[in-house]
Every structure is written in structure tokens, then in C-alpha cells.
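See below for the structure under consideration.
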Amino acid sequence: MNDAKEEIKSRLAVEDVVGQYIELKRAGRNLKGRSPWGVDKTPSFMVSPEKGIWHDFSANKGGDIFTFIMEVEGISFKEALEKLAAQAGVELTRYSGGDQKVAEKKARAREALTLATRYYQACLAHSKQVCEYVFYQRNLNRKTVEQFKIGYAPSTGKAMVTALKKRGFTEQELDTAGLLNRFKGDLFRGRMTVPFIDTSGQVIGFTARIIGNGEPKYLNTPETLLFNKSKFIFGLYQAKESIRRSGYVVIVEGNMDVISSHQAGVGEAVATSGTAMTEQHLKTLSKLTSDIRLAYDGDEAGVKATERAIMLAGDLGIDLTVISDYHGAKDPDELIQKDPRLWQQAVEKRIPAVDWLLTKYEEHLNLNSAPDKRKYSDVALKLLSFVKDEVERASYEEKVAKRLGVEVSVLREKGDRLTQKLAAKPKRYLKKPKTEPPRSTQLTKLENSLLALKIFGGITNTDIPLEVPADDARLAELELIFNREHELADFDLEQEAAELYARYTRELNQHKIKTLSEQLSAMDEDDDDYSKLLSEIQDLQAL
Numbered sequence: 321m322n323d324a325k326e327e328i329k330s331r332l333a334v335e336d337v338v339g340q341y342i343e344l345k346r347a348g349r350n351l352k353g354r355s356p357w358g359v360d361k362t363p364s365f366m367v368s369p370e371k372g373i374w375h376d377f378s379a380n381k382g383g384d385i386f387t388f389i390m391e392v393e394g395i396s397f398k399e400a401l402e403k404l405a406a407q408a409g410v411e412l413t414r415y416s417g418g419d420q421k422v423a424e425k426k427a428r429a430r431e432a433l434t435l436a437t438r439y440y441q442a443c444l445a446h447s448k449q450v451c452e453y454v455f456y457q458r459n460l461n462r463k464t465v466e467q468f469k470i471g472y473a474p475s476t477g478k479a480m481v482t483a484l485k486k487r488g489f490t491e492q493e494l495d496t497a498g499l500l501n502r503f504k505g506d507l508f509r510g511r512m513t514v515p516f517i518d519t520s521g522q523v524i525g526f527t528a529r530i531i532g533n534g535e536p537k538y539l540n541t542p543e544t545l546l547f548n549k550s551k552f553i554f555g556l557y558q559a560k561e562s563i564r565r566s567g568y569v570v571i572v573e574g575n576m577d578v579i580s581s582h583q584a585g586v587g588e589a590v591a592t593s594g595t596a597m598t599e600q601h602l603k604t605l606s607k608l609t610s611d612i613r614l615a616y617d618g619d620e621a622g623v624k625a626t627e628r629a630i631m632l633a634g635d636l637g638i639d640l641t642v643i644s645d646y647h648g649a650k651d652p653d654e655l656i657q658k659d660p661r662l663w664q665q666a667v668e669k670r671i672p673a674v675d676w677l678l679t680k681y682e683e684h685l686n687l688n689s690a691p692d693k694r695k696y697s698d699v700a701l702k703l704l705s706f707v708k709d710e711v712e713r714a715s716y717e718e719k720v721a722k723r724l725g726v727e728v729s730v731l732r733e734k735g736d737r738l739t740q741k742l743a744a745k746p747k748r749y750l751k752k753p754k755t756e757p758p759r760s761t762q763l764t765k766l767e768n769s770l771l772a773l774k775i776f777g778g779i780t781n782t783d784i785p786l787e788v789p790a791d792d793a794r795l796a797e798l799e800l801i802f803n804r805e806h807e808l809a810d811f812d813l814e815q816e817a818a819e820l821y822a823r824y825t826r827e828l829n830q831h832k833i834k835t836l837s838e839q840l841s842a843m844d845e846d847d848d849d850y851s852k853l854l855s856e857i858q859d860l861q862a863l
């Protein structure tokens, strides 16, 4: 795909791609703007049209047009490639060594789904009865209907199939797009339709609500070449700009909750669209923000969903909170119908997910009863095992111990026994490979500064053990960093490099200690490498 990348780069200027998201102003040979991640007080986002690269000094990110789209949209390289290829008018199948037939099937499915969306929108516009349902019963306004491309699937058996066949689509192509039922007629009938739109703005399926009586109330597109429910996040295409601006995302249970929220001014709302939250959902959202707010019901299903979210979020560095004050309403949609301002207030008034769950456990148990104390300690300790931060976990252990009327040491001893019991069970799975903790932003920034000085500052300090990158875009980014931070400085670059290297060494040692400590915590004391790792940590701490 390198040829495709270069062709796209030749057609799209970096300043034009970035300029779609932030306002850029000329600053000498470069362009300057405010960070799209909202972390700078003064413009610190630099673009070099000459070199085709960008660097955000406040967020310590940089690269070419592909890395920019990946970062700002929170999408994969493949998705960024497809998005920019469409923008540049580059046909990726010409460069692909993969299965061109599959690519062609996907392209035809997208065309069919786009036409189906327009067809359903036209059907809504021509049905007075359905318009009354959408605009008056559901209280949706025209802006929202247009934003989410809401339409109507007629109740007749093959209306949509007939319309698309007239446009040259075969039955097989419509089936591949997920538009047909098992009798080869319209999958959606007598329903309000809302398309599933991916992060690049392409329709990949539908969710459809029955109008009137009937089951199921909601019907979704089945899994297809384009639609994968374990990855798709409903409303993310419409929400991502608001998420970037506000710095948080709200996960609600239903698609209509999303639509109502956006209309009520909470444009950060998304949903996992008829499926349980997956690790992929959280990873996608964590690329956009670490502040994730759950708006689940307080029933058993809501408790289980929150437990699952905490289990999945443990290693992603996510700040997980729960929105629970619905003022008597059963869900966000009902609260919005009551008063949109109450929903806006509820979104701001959230509590840490662990606190919310502990309260829910307490509501269903009698903590004056010894058996219920045991149950409470069991579920609480299981929950706290997924809290990775030591200080945060210790704080919750003190809170749980206080509720139980026991010493923290007693609770921790029970936790240790439970851990040992689980560890003693025969494992039928392979151990996870040891993973290094993510490098700190400060460490990455110091590496960038040192490399910039080493390559473009002409320093003679050969102790810096960082390899010069071969990638042209990476070198151009480092030159931009050097020009910004060092070129016009009135201090000695050799001295600056020495001071930076000393700070870098300290930061690197802390990173190594953290890595080794995490490996040590996963070992038994009688493990052959335990003493060796402990000795390495002590040596690093002594430096």
C-alpha cells in the first residue's frame, strides 16, 4: 500500500487536510493553529507544508496526514487510508494485492446502502402519518432527522428491493448489503429507519424501530462484510467533534437515547447498538478521550454492564464514571422528553463507577448480617482487583473495610487468599505475554528533543543512545521540533543536550522500574527470576 499512500500524499496537501479540523495561520514557512485536542492555551500546533508533516507541541503528537486523521478521528490506519483515498479520488483496488472481488462486493454494498438511505428518507417525506410519528410522537426536529438521516421503510413486501433493482442492483448484492430477509424481500417493513454510519461517514447498515405494535421493537442489520456489531459505535460519527471539544463521551443504552441526547445539546452521546460493550468499543473511544461516562439503568443488567466496563477498562487508563440521576425517568430519552436541561445537568453530575457499583451492592445486602457481609466482601474484592492504580485501590479498600466494620488488614488478607486460590486453580489457557507499560508523555518528549538536537543541532555528545530514524516523515517532524525549540535559542546546545540527557536518563530509569515492578507483581517469590528482578529494581532505585 506504499504506492497508494504516496499517491494520496501527492494529491492532498497536509495544510488542506488539517485545515478541515482547525484554523491555521501563516507563521513564516510554517502554519500555526490551536490543538484539536484542546490542551494548549496558546497556538502550539505546527504544520510544515514544505515537508508535508505536522506536530502538536502541547499534546506531543505528530506525523503525516495519515497519522493526523488516525489521531483526530480515533480510527485505524486502514480506515484513515480509505477516508483519505476517497477524498483524493484514489482507487485503492488498483494498489491492493488482496482479493479484489471482496473489495468490489464491499463497494457495491456501500452504494446499495447509500441508495437505500435516500429511498427511506424519500418515503418518510411522502408519508404524513409517519412524519407525525417522527416529529410529534418522538419529538424529533428537522435538524436531527437530517443529521441522523432518519427515514421510513414502507410496510409493503418488496418496495425497497424493487426500487434498487431498477437502479441495477442484483438480489445477491442487496443480500450482501444486509437489506433482505430470508424470503428475499425487504428486511425492514413499517419501521422508522436510522442508518449505521461509520467514522468515515459511510452507511454500513440500519437500525429500525417498529411504528405501532409489533415485535421486535428494534431490528438491526445482521453481520455483513461492512457491519460488525462488536466494533461499531452508534452515533460516533455525529459525536466525535463534540467529544474532542468537551473531552468526554457519554455511553447510553439505546440508539434513540443517542438521537434525543444530541437534539438536547449533549452531542457526546454514543451507544454500542444492541450488543454488550466490548474491549474494541472502549479502545476506539479511548483514542478520543479518557473521560468515559456510562448512562446505564440501575437494574441488574445495568450493574452487570458497569462491572464489565470496569473489567475491560483496567488496562486502558480510562476514567470511568456513571450518570445515575434521572429524576425519576427510566432512561435519558424519557428524561429529555421531561426537560432537556435535566439531562444536561445529569451528565455533569456523575460519580466514579466503582463508587456507584459499591452502593448498588449495598442496596441489595444487609450489612448487619454476617453472611451478607461475606457476600459484599466477595463482590467488592473481585471488583477492586480490576482497579490498577495502587493508591485508588487502597482508598476503596479502606472504604469497604469501614462499611464492613473490619480492619483494612483483614480485608486485604482475604483478598490475598482469594488471589492465591484463583492462582492455584489449573489454568487451561496460555499466560498473557508480558507487556511493557506505555511510555510517559514526558519520556517521549525528551526523546524527541534529544533526537532533534543530535540530528540537527550538530552536538558532539556521543553518549545519547538513540538511533537516528530512517523515515523521512519522522526526520521532518524532528526538524520541526528543533526549529521550534532549539534553533533560535541563545544557550549552548551542548549544555542543553547534557541537561536533557540527564533528565531523560532519570525518566527512563523510572519507566524501567515500573516495567520490572509490574513483572515482579505477577511472579511468585519462589520463581527463579524473582530475586534477579528484585535486585535489578533495587539497583535502578539506587541510581
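Residue numbers (the working numbering): 321 to 863.
By construction, the Cβ of each residue, glycine as well, lies at the ideal position given by its N, Cα and C atoms.
Since we're looking at a predicted model, the values are computed, not measured.
Just checking my contact of residue i with residue j at CB under 8 Å: how many whole Å lie between their CB atoms?
i      : j      : result
Ile612 : Val569 : 6 Å
Gly353 : Pro363 : 6 Å
Ser580 : Pro652 : 7 Å
Ile530 : Arg511 : 5 Å
Thr609 : Trp676 : At roughly 19 Å, the Cβ-Cβ gap does not stay under 8 Å, so Thr609 and Trp676 are not in contact.
Gln664 : Ala584 : 7 Å
Do you know how far the Cα of residue j is from the Cα of residue i?
i      : j      : result
Tyr341 : Leu539 : 35 Å
Ala400 : Lys329 : 12 Å
Ala281 : Val367 : Within the shown structure, residues of the chain are numbered from 321 to 863, placing residue 281 beyond reach of any answer.
Ala818 : Thr761 : 20 Å
Glu493 : Pro789 : 47 Å
Val699 : Arg723 : 14 Å
Thr865 : Lys549 : The chain is shown from 321 up to 863; residue 865 falls before or after that span and cannot be answered.
Leu701 : Thr413 : 52 Å
Lys774 : Phe468 : 51 Å
Glu543 : Glu343 : 39 Å
Arg804 : Lys607 : 27 Å
Arg564 : Asp859 : 43 Å
Ala347 : Asp336 : 16 Å
Lys398 : Gln839 : 33 Å
Glu424 : Ala596 : 31 Å
Asn461 : Val481 : 29 Å
In this structure, how does DSSP classify residue i when only helix, strand and coil are distinguished?
i      : result
Asn380 : coil
Ser368 : strand
Ala528 : strand
Ala673 : helix
Val642 : strand
Leu344 : coil
Leu701 : helix
Asn768 : helix
Leu539 : strand
Leu546 : coil
Ser689 : coil
Lys747 : Any reading at Lys747 must be qualified, since the residue scores a pLDDT of 43, below 50, and its modelled position is unreliable; no value is offered.
Asn575 : helix
Glu411 : coil
Met597 : coil
Phe776 : helix
Phe489 : coil
Leu808 : Confidence at Leu808 is low in this model, with a pLDDT of 48, below 50, so its placement is unreliable and no value can be given for it.
Since residue i sits in a beta bridge, which residues does DSSP pair it with?
i      : result
Tyr568 : Asp611
Gly353 : Phe365
Pro515 : Phe526
Phe554 : Ala591
Trp374 : Val367 and Gly383
Gly471 : Thr513
Leu500 : Asp506
Buried or exposed for residue i, going by 16 or more other Cβ atoms inside 10 Å?
i      : result
Gln522 : buried
Ala621 : exposed
Arg748 : For Arg748, the pLDDT reaches just 39, beneath the cut-off of 50, and the residue's location in the model is therefore unreliable, although a value from the coordinates is still provided. Arg748 comes out exposed.
Ala615 : buried
Glu797 : buried
Val586 : buried
His647 : exposed
Lys680 : buried
Lys504 : exposed
Asn350 : buried
Lys448 : exposed
Asp577 : buried
Ala442 : exposed
Lys381 : buried
Glu466 : exposed
Gly534 : exposed
Glu326 : exposed
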